[in-house]
Amino acid sequence: MQDLNLHHLELFHQVAKAGGITAATRAMSYGIQQPAVSAQISLLEAGMGVRLFHRRPFKLTPPGQELYDFIAPFFGKLPQVAERIAGKSSSHLRMAAPGIAMKNYLPEVIFRIRKKHPAMELTLLDVGSEGVFRLLEREEIDLGIVDLDAKVPQGISKETLGSLPLLLLLPAGLPMPRGGLAKLAGEQALIRTSSRSSMARMFEKGLAKKGIRWPARMEVSSIELVEAYVSRGMGVGVTVKVPGVGFSKAVKTIELKDFGKLTIAGVWRGTIHPLAAEVLAELRRVASSI
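With our numbering applied, the sequence shown corresponds to residues 618 to 907, in that order.
And the structure:
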C-alpha cells in the first residue's frame, strides 16, 4: 500500500462528514471543483486498494466507515487546537535586548503592561544587537531592542526610539593629554565592545575621519564591562550616554560630539505581536519623558 496523502484524507473526511462530494464542495472554505475532489478520492482508494463509499446514493463502505472513525477525531479537533495555540501565542511575548535596557527601562514598561494583561507570559533574553537579529531571523523572539549605525537587515521592521551620543570613558585620575584624542590613542589601551557592534563601528568611522588608528586592546561583551575595566585603570573605553544611568566615581566621561549618535530601535519580523506593539508604545512614552 502507498503512503497515505494527508490532503486526500482531509478531502475524504469532508466528503464523509457532508454526505457526498457535491455537499462537501459547497461546505469547503477553499474553492475546489467536484471533479477534482472525485479524482483525489479515487487516488486515495487506489492507494489503499479498497472502495471507501458508494457514490449514488452516498454510503460509506465498511472500510470507509472504519477510516472515517479513525481520522474524524483528528480533523474535528484541529480548529480547537488552532484556537488554543493562537491564544497561547498571543499571551506569550518573547523579547531580547541588551542588559542595560533590560535592567533600567523594561521593568517599569513590563510592570505597566502586566497590569493590563495579568495572564501575559514573558521570555526576556539579555542579548546584544547581533544576537537580537539572529534570534529574529530564527523567529525565536517577537521583539528586540537594538542599537544601530546602519540599515536593518532585509525583512526586519524597526521603530526608532531615540539616539545616544558616544562617550569616551577615562579613569577618573587620567587627564586628557594636550594632544587630544590622537595623543590618547598613542598612550592608552582601548577597551570597547566587539568590532562587529554598532558602537564600535561608529567609533572606528569617527577615528578614520580624524586619521587616527586606535586598535582595541580589549574587547568585552557589554558597556557595563567597559566601565568595569576602565574603572580599574586598565585603559580608556568607548560607551554611550544612557539617560538616567550614571557612572561610578572611578571614571569620567568626554562626549564625542562629532562622532554621531547611535540609534536605538525596536525591531521585529513580519506582523508585529500585539503585546510587542504595547511595549513599543510604552517605550515611546519613556523616551519622550527623558
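Heads up, the beta-carbon is just placed ideally off N, CA and C, and yes, glycines get one too.
Original post:
Residues bridged to LYS676 by DSSP?
Top reply: Looking at the DSSP assignment, LYS676 forms a beta bridge with HIS671.
**OP:** Given a cut-off of 7 Å, decide if ALA817 and ARG830 are closer than it, judged by their beta-carbon atoms.
**Re:** Going by beta carbons, ARG830 and ALA817 fall outside the 7 Å limit.
Original post:
Once you ignore the five residues that flank MET819 on each side, which residues in its own chain have a CB closer than 8 Å to its CB?
Top reply: Around MET819: ASP766, LEU783, PHE876, GLY877, LEU879.
**OP:** Since I believe TRP885 is in contact with LEU778 (beta carbons under 8 Å), could you give me their beta-carbon distance rounded to a whole number of angstroms?
**Re:** 13 Å between Cβ atoms; not a contact.
Original post:
Short check: CB of ILE688 to CB of LEU626, under 7 Å?
Top reply: Taking 7 Å as the Cβ cut-off, ILE688 and LEU626 qualify as a contacting pair.
Subject >> Residue range of the unbroken beta strand (DSSP E) whose run includes ARG902 >> reply: Boundaries for ARG902: no beta strand (DSSP E) harbours it, while the alpha helix (DSSP H) harbouring it runs 891-905, taken from the DSSP string.
Original post:
Any chance the stretch 675-695 sits against the stretch 738-757, with 3 or more Cβ pairs inside 8 Å?
Top reply: No, they do not touch.
**OP:** Compute the beta-carbon to beta-carbon distance between GLY852 and LEU807, rounded to the nearest angstrom, for a pair I have assumed lies under 8 Å.
**Re:** Confirmed, about 6 Å.
Subject >> Runs of alpha helix (DSSP H) wholly within the stretch 626-675 (minimum 4 residues, chain order) >> reply: Correct list: 638-644, 651-665.
Original post:
By how many angstroms is the C-alpha of ARG755 removed from the C-alpha of ALA898?
Top reply: If you take the alpha carbons of ALA898 and ARG755, they lie about 25 Å apart.
Original post:
Does the distance from the CB of SER814 to the CB of GLY716 come in under 7 Å?
Top reply: Not in contact: SER814 and GLY716 (Cβ atoms no closer than 7 Å).
Original post:
If you check the beta carbons only, do ASP764 and SER746 fall under 7 Å apart?
Top reply: Contact flag set, yes.
Subject >> Proximal residues to GLN657 (C-beta, below 6 Å), its chain only, five neighbours per side dropped >> reply: Closer than 6 Å at Cβ, skipping near neighbours: HIS625, LEU628.
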